[in-house]
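Accompanying notes for the structure given below.
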Amino acid sequence: MEVVRTPRRAKRRIWISAAIGVVIFGLLVCVGLSVYVGWQLTHKPRAPITVTPKDYGMAYENATFTSKDGKTALKGWIIPPTGAAKMTVIFAHGYGNNRVQENVPFLPIAKRLVAEGYRVILFDFRASGESEGDMITIGVKEKDDLLGVIDYAKKHFREPIALYGVSMGAATSILAAAEDSDVRGVIADSPFSDLESYLRANMPVWTHLPNVPFTYLILAIVPALADLDLGVSSPIHAVDRVAPRPILFIHSKDDRSIPYKESVKLYNTHPDVFQLWLTEKADHVKSFSLYGDEYIERVLTFLRSLEKTSFSGGRHSYSATFLIIMEKMKMALASMNESGSECHVWSVYVDS
41 MEVVRTPRRA
51 KRRIWISAAI
61 GVVIFGLLVC
71 VGLSVYVGWQ
81 LTHKPRAPIT
91 VTPKDYGMAY
101 ENATFTSKDG
111 KTALKGWIIP
121 PTGAAKMTVI
131 FAHGYGNNRV
141 QENVPFLPIA
151 KRLVAEGYRV
161 ILFDFRASGE
171 SEGDMITIGV
181 KEKDDLLGVI
191 DYAKKHFREP
201 IALYGVSMGA
211 ATSILAAAED
221 SDVRGVIADS
231 PFSDLESYLR
241 ANMPVWTHLP
251 NVPFTYLILA
261 IVPALADLDL
271 GVSSPIHAVD
281 RVAPRPILFI
291 HSKDDRSIPY
301 KESVKLYNTH
311 PDVFQLWLTE
321 KADHVKSFSL
331 YGDEYIERVL
341 TFLRSLEKTS
351 FSGGRHSYSA
361 TFLIIMEKMK
371 MALASMNESG
381 SECHVWSVYV
391 DS
């Protein structure tokens, strides 16, 4: 018996098929757009380096560092003070920037620190400036880059090490300090507390796309395609391994890119040893631009406090005085050995 389809049923099937097709097409468009935007976020055009320390009256050396991954070459500058260095301060730039970080900018800050007797190292993270690499990972692999620069500083210089970072560089500085106890302290200007949770709440700031569905698609697709674990970039889970070493948090209450409450969260984990300076009317990483002299003075005060403090567990566990005495003792022993004299050293203790 032949079944005759009514026009109404046929139209309904057509509409259902069309609707399914539209949904599938829409999903494909959303997925494709999410992949494209995610790729754009991790492959930012490199900001050109347009100035050097020489433009600010500073002598400097070009340097090549190796990331902790053992294969990524990183380019940078070493700016020495005129006399003996009190400390080496490593600058860590933000997302999509380079060692100059023109929107802060870094070089005027470096000039003030060098004038006060600090050695400054500025470098480009992977996929930024003149360094190797083709993907920005917002702290996940940048942590290894900073650890590589720290290793270089420990190998070539005797003085203690401090880190100064802004935005992504601030978060990365906390991550690196948590893994290297030789870092004496961190200055963190405008960090996020946890990359994944930050992106879930603030992705539209970077993508200019609706939170639903794009934030969820980007966070699901891009880490899988790029083999990234966003959980690695989580300062809130690293600060316990930094304390009791101090961190100075700087953040503007009017930051529209990374809310100041991100720094408040981090500070509240150890308010007994961490410091928090909240500024006003400054956009993202713009506190130095608005509070120039006060900004520098707070940074210098923090660094001076690090000079007077020693922490157990690292290469610089003892005071600078202890290191000087030990160096003199080694020279004396070498001299005695040459002359055939005997010398027995039982113990030395210096209260820092």
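Residues 41 to 392 (this note's numbering) make up the sequence shown, in order. Don't be surprised by glycine CBs; every beta carbon is placed ideally from N, CA and C.
Linking tyrosine 158 to serine 327 through their CA atoms gives a straight-line distance of about 22 Å.
The stretch 213 to 226 and the stretch 138 to 155 do not touch, with fewer than three beta-carbon pairs separated by less than 8 Å.
Going by DSSP, aspartate 229 is part of the beta strand (DSSP E) stretching over 223 to 229. Between alanine 103 and glycine 209, the C-beta spacing is not below 8 Å.
Here alanine 132 carries a strand assignment [DSSP, helix/strand/coil]. Just measuring C-alpha positions, the residue of Arg86, Val226 and Phe163 sitting nearest proline 93 is Phe163.
With fewer than 16 other beta carbons inside 10 angstroms of its own, valine 69 counts as exposed. The alpha helix (DSSP H) runs of length 4 or more contained entirely in the stretch 108 to 185 are, from start to end of the chain, 146 to 155.
For tyrosine 256, the enclosing alpha helix (DSSP H) has its first and last residue at 256 to 266.
Here DSSP, grouped into helix, strand and coil, assigns isoleucine 298 to coil. If you look at isoleucine 290, you'll find it in the beta strand (DSSP E) that goes 287 to 292.
Residue pairing by DSSP places phenylalanine 105 opposite Leu114 in a beta bridge. In the structure shown, leucine 316 falls within a strand segment according to DSSP collapsed to helix, strand and coil. Note that the C-beta distance between isoleucine 89 and arginine 139 is below 8 Å. When Cβ pairs closer than 8 Å are counted between the two stretches, the stretch 248 to 261 is seen not to touch the stretch 280 to 293, the count staying below three. Looking from the CA of serine 274, the closest CA among Gly179, Arg344, Leu340 and Ile336 belongs to Gly179. Between the stretch 341 to 351 and the stretch 219 to 232, the count of Cβ pairs shorter than 8 Å is three or higher; the stretches touch. The shortest C-alpha to C-alpha distance from aspartate 222 to any of Asn242, Gly188, Gly78 and Ala241 is the one to Gly188. Distances from the CA of aspartate 95 to each of Leu147, Ile64 and Tyr331 were compared; the closest alpha carbon is that of Leu147.
Between valine 91 and glutamine 141, the C-beta spacing is not below 8 Å. Residue pairing by DSSP places tyrosine 204 opposite Phe131 and Ile227 in a beta bridge.
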